[in-house]
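First up is the structure itself, then whatever we jot down about it.
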Ligand code: PDD
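Residue numbers (my numbering): 553 to 831.
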């Protein structure tokens, strides 16, 4: 099955999708993105992803070339063309091609790219056992709410993850947990689900919002508040949320056991409600 690419309005084979070396995405990381996955062939929470794409575009004064309705049509068309059992849709918009200069022209024409690739869900056994994570300093900039392609700090954190042979890096800013390098982080403290508040220090995860809603529906108390690194280690349960990880228990952090070293009851409950939500 072909990996599908979409570039500036046209579907082309991935190998033919080329962008100029003068693209500001390449030169400056001057662009934004979204990652959406399908369940049973349908994109999950597409509207929420497209709303966040709009917010990122507005925050960077980037012209959003398509309406939500246009995007919906392109995404559905891409998924149909790729015809994978499950797909991962990647959308990227950059400020376009211009001679290199940090300041940009207000009438720049954006470069718009989308790819649709096969998505391989995590092995169910990983969900049953939970994963190891490590902490690392959050060295990112002050607008982590913008889903920018400028991902250097995340790249370095994920490289540390690879070397440490753990699953995710939990980012710590001035002693407080912000989020994961590619996920949001939630902890359970005496029955309350606690996670960092929306704002410039975290990406407002689409999965995070779904899971908080599920928690409230389950009657679980929820608190949006930063948790210290010490409280992270001492939490009853820790779990990650994200498009690629869904709801995933973290059972060890920096070699320290969380709770009893197994996915806790609230994590399991939320993972089960998430599974029924996505059908
Ligand atoms: N990342 N925080 C960060 C820093 C992320 O990069 C992501 C997702 C999330 C979770 O957001 P969501 O629930 O909307 O997927 C949180 C994507 C998958 C990526 O960069 O590939």
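Note that the Cβ used here is the ideal one computed from N, Cα and C, for glycine as well.
Item, Value
"Does at least one heavy atom of the ligand PDD sit under 7 Å from the Cβ of residue 760?", "yes"
"What's the C-alpha gap between residue 582 and residue 696?", "14 Å"
"Could you tell me whether any non-hydrogen atom of the ligand PDD is closer than 7 Å to the CB of residue 560?", "no"
"With residue 814 and residue 803 assumed to form a contact (beta carbons below 8 Å), what rounded beta-carbon distance in angstroms separates them?", "6 Å"
"Since residue 588 sits in a beta bridge, which residues does DSSP pair it with?", "641"
"Quick check: the segment 597 to 605 against the segment 662 to 678, are there 3 or more CB pairs under 8 Å?", "no"
"Verify whether the separation of the beta carbon atoms of residue 587 and residue 578 is less than 8 Å.", "no"
"I need the straight-line Cα distance from residue 597 to residue 658, nearest angstrom please.", "31 Å"
"Quick one: using the 10 Å Cβ neighbour count with 16 as the cut-off for buried, is residue 720 buried or exposed?", "buried"
"Output the boundary residues of the beta strand (DSSP E) element that contains residue 684.", "683 to 689"
"Please look up how many angstroms separate the CB atoms of residue 819 and residue 791, rounded, as I've assumed it's under 8 Å.", "4 Å"
"Assess contact between the segment 606 to 613 and the segment 635 to 642, defined as three or more Cβ pairs (one per stretch) separated by less than 8 Å. Is contact present?", "no"
"Would you say the beta carbon of residue 667 comes nearer than 7 Å to a heavy atom of the ligand PDD?", "no"
"What residue from 701, 675, 621 and 574 has the CA that sits closest to residue 608's CA?", "701"
"Is there at least one non-hydrogen atom of the ligand PDD closer than 7 Å to the beta-carbon of residue 825?", "no"
"By how many angstroms is the C-alpha of residue 688 removed from the C-alpha of residue 708?", "10 Å"
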